[in-house]
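To start, the structure under review is shown below, and the notes come after it.
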Amino acid sequence: MIVTVLWLVLAAAGVVWELACRLSGGRWASLGTIGSALGSRLPGWIALVALWAFVGWHLFGRYTIPR
Amino acid sequence: MLSLMATAPPNDTPDATPGAPPGRAMGALRGAGDAGAHHDGRARTRGLGAALGVAAAAFAWWSTGLRPFTATVYVAIGIPVAALVLVGPALRGVERRAADVAGRPPAPTHPLGVRSIFPWITLLAVVAGLEGAGLALGGRSNGVPTLSTVADHALAWHGMRFVMFIVWLALAWVPTLRPAWRRAEQVG
Numbered sequence: 036m037i038v039t040v041l042w043l044v045l046a047a048a049g050v051v052w053e054l055a056c057r058l059s060g061g062r063w064a065s066l067g068t069i070g071s072a073l074g075s076r077l078p079g080w081i082a083l084v085a086l087w088a089f090v091g092w093h094l095f096g097r098y099t100i101p102r
Numbered sequence: 221m222l223s224l225m226a227t228a229p230p231n232d233t234p235d236a237t238p239g240a241p242p243g244r245a246m247g248a249l250r251g252a253g254d255a256g257a258h259h260d261g262r263a264r265t266r267g268l269g270a271a272l273g274v275a276a277a278a279f280a281w282w283s284t285g286l287r288p289f290t291a292t293v294y295v296a297i298g299i300p301v302a303a304l305v306l307v308g309p310a311l312r313g314v315e316r317r318a319a320d321v322a323g324r325p326p327a328p329t330h331p332l333g334v335r336s337i338f339p340w341i342t343l344l345a346v347v348a349g350l351e352g353a354g355l356a357l358g359g360r361s362n363g364v365p366t367l368s369t370v371a372d373h374a375l376a377w378h379g380m381r382f383v384m385f386i387v388w389l390a391l392a393w394v395p396t397l398r399p400a401w402r403r404a405e406q407v408g
């Protein structure tokens, strides 16, 4: 239970930090900025697409409904 | 509309100032025509965007209603992935070609110093540590669940799966379509 709450806190921290980065005027890199920088080169773009595809298949193709 | 305006004699138009040079009136007309074309282009791209949004939502609802661990669901999820692999490189080139034609330098990229991404590295390290601990305990531990196990609780509802699927689609497709979108709006 504690670790489940910790996961939720981490997810919330990620969202809050992303918003803070976007409002920081470029002082801190947001996930969007990091993604753009990585995706501007072909190897980085392929890596991002592979990660995105893995997340999609893992989350929506292999989920197990808890009992 | 634009071609009709361009062929009309300049001084036959009601708003052409008497005595004004014909070129000036034509310039004003051409400007109005360009603005109209931009407006049409924007309306057209918005209509296309709405149609794409509806199609994506319908596809997301259908995909997230499929049974997990089946070939059908793997293929369904593979469709947007395959489409991105096929179309993505071409769409990525749109902005670059537009910049080349206009003689603009390529868009500057943000200098990613370690300091500016340090909070993300810290967050990633905590996530990796927690995920590693969960996996080391078998991956289905109630005490230390993995991220996937926590996500499974949310994915139990079709509505939640639908929302998460839309977010997943948007994460890759919005940045991919954005340059082509802007270009289409500018061209009209």
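Just so you know, the sequences run in chain order A and F.
My numbering puts the first residue of the first sequence at 36, with every later residue one more than the last.
My numbering puts the first residue of the second sequence at 221, with every later residue one more than the last.
Here a beta-carbon is modelled for each residue, glycine too, at the ideal position from N, C-alpha and C.
- A direct Cα-Cα distance of roughly 15 Å separates residue 73 (chain A) from residue 341 (chain F).
- In terms of Cβ geometry, residue 276 (chain F) and residue 389 (chain F) form a close pair [threshold 7 Å].
- Within a 10 Å sphere around the beta-carbon of residue 369 (chain F) sit 16 or more other beta-carbons, which makes this residue buried.
- Taking 7 Å as the cut-off, the beta carbon of residue 364 (chain F) is found closer than this to the beta carbon of residue 357 (chain F).
- Across the structure, residue 381 (chain F) and residue 63 (chain A) are spaced so that their CA atoms are roughly 32 Å apart.
- Residue environment: residue 300 (chain F) is assigned as buried (16 or more neighbouring CB atoms within 10 Å of its CB, all protein chains considered).
- Within chain F, 368, 371, 375, 384, 388 have C-beta atoms less than 8 Å from the C-beta of residue 94 (chain A), given in sequence order.
- Comparing C-alpha distances from residue 304 (chain F) to each of F:262, F:372, F:391 shows the shortest one belongs to F:391.
- Within chain F, the residues whose beta carbon sits less than 7 Å from that of residue 97 (chain A) are 288, 289, listed in sequence order.
- Counting along the chain, residue 67 (chain A) sits inside the alpha helix (DSSP H) bounded by residues 66-74.
- Pairing residue 272 (chain F) with residue 400 (chain F) gives a Cβ-Cβ distance that is not under 7 Å.
- Considered as a whole, the region 351-382 of chain F harbours 367-375 as its complete alpha helix (DSSP H) runs of no fewer than 4 residues, in chain order.
- Sixteen is the threshold: when 16 or more other Cβ atoms of the shown chains lie within 10 Å of the Cβ of residue 296 (chain F), as they do, the residue is buried.
- With respect to residue 288 (chain F), residue 52 (chain A) sits apart: the two C-beta atoms are not nearer than 7 Å.
- Exclusion of the five residues before and after residue 76 (chain A) leaves no residue of its chain whose Cβ lies closer than 7 Å to its Cβ.
- Taking a Cβ-Cβ threshold of 8 Å, the residues of chain F close to residue 45 (chain A) are 343, 346, 347, 350, in chain order.
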